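Below: the structure, in structure tokens.
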Amino acid sequence: MTLYILFFTINKGGKFLMDNVFVDYDIDKGINLLEVLSALSHALDIKETFELYCAALLKDSGCSSNASRVYKAFDSDDLKTKFNVKLIDWTNIIESFKFAINNTKPGANLFYKISHLLSETKGDPKLMDELTTIRCNKGFEIAISLGFSYNVANAIKFLDEHWDGNGSPYKIKGEKIPLFSRILSICQTFEVFASNFGLQAAFDIINKRKAKWFDPELVDLFNSFKNDNSVWERYYNFLENYNIVDLGKDLIDIDKNLNISTKQIAETFALIIDTKTPFTYNHSKRVADYCVLISNELGFENNRVEFMYVVGLLHDIGKLGVSNKILEKPGKLDDNEFEMIKLHPKYSYEILKNIKSFGYLANVAGSHHERLDGKGYYQALKEHQINEDMRILAVCDVFDALRSERLIS
Ligand SMILES: [Fe+2]
Ligand SMILES: [Fe+2]
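Okay, so the sequence shown: first residue is 34 according to the working numbering, each after it adds one.
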């Protein structure tokens with residue numbers, strides 16, 4: 034949803050972006066420089082659109098890296114806590130305090146909550162800076178490792194900075210914050226409020242935070258299309274029908290410099306998956322390496338070996354949708370928690386099947402907890418439905434779990 038708001042801002046804000054591009058007219062050179070410059074400027078504009086689009090897609094890629102810290106700091110479901118923080122002004126001490134009390138182990142008494150928070154933060158109220166530092170820096174690293182430019186990486190690194198300098202973690206202010214970060218910051222807040230409380234609430238919040246959180250010119254830009262009904266019809270239509278893969282396909286061809294292999298992308302995503310909990314550190318990478326060992330031993334051809342490597346890297350991508358409260362729970366899981374765990378191969382399948390050439394890979398990844406006796410999950414497949422690739426992946430996955438004495442693989 035942020036993407037729609039983002040695209041619209043770019044369309045309406047073309048001039049705003051162009052003001053940041055150096056344009057020099059020279060009419061004395063005998064060629065139609067106006068035409069050339071306008072073509073070049075158009076290319077620049079598209080290039081910037083592409084980069085902004087990529088930054089929007091990747092803006093939360095560092096999120097898994099602080100999930101464990103959020104779970105421990107609040108002793109609560111990290112996914113819920115992370116959602117709730119989007120709805121408050123955490124720069125306001127009273128709002129922050131209420132948030133901390135309400136989100137620390139819901140249901141516990143006040144004494145427990147306060148003593149837990151004090152012991153986790155050592156009395157230092159800079160928890161937000163700690164969490165954003167982990168997330169923003171990881172997001173920056175991921176963008177660079179995927180081959181994106183510093184424009185994209187910095188857009189993510191400075192995403193939580195505020196116009197007045199009270200953001201997090203670097204406290205830079207005004208135009209020192211990269212333009213892309215300023216655009217993404219307002220778009221993501223707008224989207225959270227629009228999709229949860231409606232458009233009026235979204236406009237109210239960005240105007241309330243104008244010149245505090247957000248660049249005032251960007252807020253004015255949003256306000257300029259508030260009464261354009263055609264925009265909002267398209268917005269609701271978009272919410273119902275959007276497909277993130279289709280949305281990007283026109284832009285993906287633009288940047289020919291992004292020459293990165295599926296293997297490299299999968300390696301980066303394995304890093305994102307594996308940093309979600311300390312228990313899963315390097316799990317996906319090891320599973321992928323075991324898959325290669327077995328595939329080579331069985332004499333598979335190179336493309337099949339590479340396939341097994343990539344599916345090993347991505348098999349647990351669905352774990353990103355499971356709370357750390359469950360993934361890191363010491364001791365036995367209750368029935369409800371185990372039901373949640375059983376969903377992660379299904380999530381892996383659903384995420385991966387969106388990639389056209391990954392149809393079969395999604396099937397294999399989604400089957401990594403199936404068993405020959407039919408007692409696996411999430412589909413309870415029978416022996417004849419579990420092929421050789423699925424069996425190899427399942428063995429490598431369990432082997433790594435046993436080797437590292439974890440119950441959840
Ligand atoms: Fe696994
Ligand atoms: Fe798994």
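Glycine is no exception: its CB is placed at the ideal position from the N, C-alpha and C atoms.
These numbers were taken from a predicted model, which means no experiment stands behind them.
Query: Looking at the structure shown, is Lys243 part of a helix, part of a strand, or coil, going by DSSP?; Result: strand
Query: If Glu361 and Tyr104 are in contact, beta carbons under 8 angstroms, what's the gap, nearest whole angstrom?; Result: 6 angstroms
Query: Among Ser129, Glu174, Ile425 and Ser356, which has the Cα closest to the Cα of Arg102?; Result: Ser356
Query: Does DSSP classify Arg404 as helix, strand or coil?; Result: coil
Query: Tell me where the alpha helix (DSSP H) around Ile327 begins and ends.; Result: His316 to Glu330
Query: Should Lys365 be labelled buried (16 or more other beta-carbon atoms within 10 Å of its own) or exposed?; Result: exposed
Query: Provide the residue span of the alpha helix (DSSP H) that contains Ala133, from first to last.; Result: Ile126 to Asn136
Query: Examine ligand 2 and report whether any of its heavy atoms sits within less than 6 angstroms of the Cβ of Ser218.; Result: no
Query: Ligand 1 and Ser97: does any heavy atom of the ligand fall closer than 6 angstroms to the residue's C-beta?; Result: no
Query: Report yes or no: do three or more beta-carbon pairs, one from the segment 153-167 and one from the segment 191-203, lie closer than 8 angstroms?; Result: yes
Query: Is the distance from the Cβ of Cys429 to the Cβ of Cys324 below 7 angstroms?; Result: yes
Query: Could you tell me which of Asn387, Ile210 and Lys415 sits nearest to Asp197, measuring between CA atoms?; Result: Ile210
Query: Give the straight-line distance between the Cα atoms of Lys245 and His195, rounded to the nearest whole angstrom.; Result: 7 angstroms
Query: Is it buried or exposed for Ser214, if we count other Cβ within 10 angstroms and need 16 for buried?; Result: buried
Query: Let me check understanding here. Comparing Cα to Cα, which of Asp93, Glu421, Ala188 and Pro363 lies closest to Leu85?; Result: Ala188
Query: If we require 4 or more residues per run, which alpha helix (DSSP H) segments fall completely within the segment 129-209?; Result: 143-154, 160-178 and 183-190
Query: Looking at Asp307 and ligand 1, is the gap between the Cβ and the nearest heavy atom below 6 angstroms?; Result: no
Query: For His316 versus Asp433, is the C-beta spacing smaller than 7 angstroms?; Result: yes
Query: What residues in its chain sit with their C-beta under 7 angstroms from that of Arg337, if we drop five residues either side in the sequence?; Result: Ser328
Query: Measuring only from the beta carbon, is Ser442 closer than 6 angstroms to any heavy atom that is part of ligand 1?; Result: yes
Query: By how many angstroms is the C-alpha of Leu426 removed from the C-alpha of Asp288?; Result: Because the pLDDT at Asp288 is just 47, under 50, the model does not fix this residue reliably, and the point stays unresolved.
Query: Roughly how many whole angstroms lie between the Cα atoms of Gly180 and Leu217?; Result: 20 angstroms
Query: Taking the C-alpha atoms as reference points, what is the distance between Asp422 and Ser400?; Result: 10 angstroms
Query: Which one of Ser97, Asn229, Leu212 and Ser148 has the shortest CA to CA distance from Thr166?; Result: Ser97
Query: Counting pairs of Cβ atoms below 8 angstroms between the segment 167-178 and the segment 122-137, do you hit three or more?; Result: no
Query: Using DSSP with H/G/I as helix, E/B as strand and the rest coil, what is Trp265?; Result: helix
Query: Taking Tyr410 as the reference, give the member of Lys379, Asn184, Phe391 and Lys389 with the closest Cα.; Result: Lys379
Query: Check whether the Cβ atoms of Val252 and Ile239 sit closer than 7 angstroms, and answer yes or no.; Result: yes
Query: Applying the 10 Å Cβ sphere with the 16-neighbour rule, what's the burial state of Asp61?; Result: Bear in mind that a pLDDT of 35 at Asp61, under 50, signals an unreliable position, so the number given afterwards is only what the model happens to contain. It is exposed - the Cβ of Asp61 has fewer than 16 other Cβ atoms within 10 Å.
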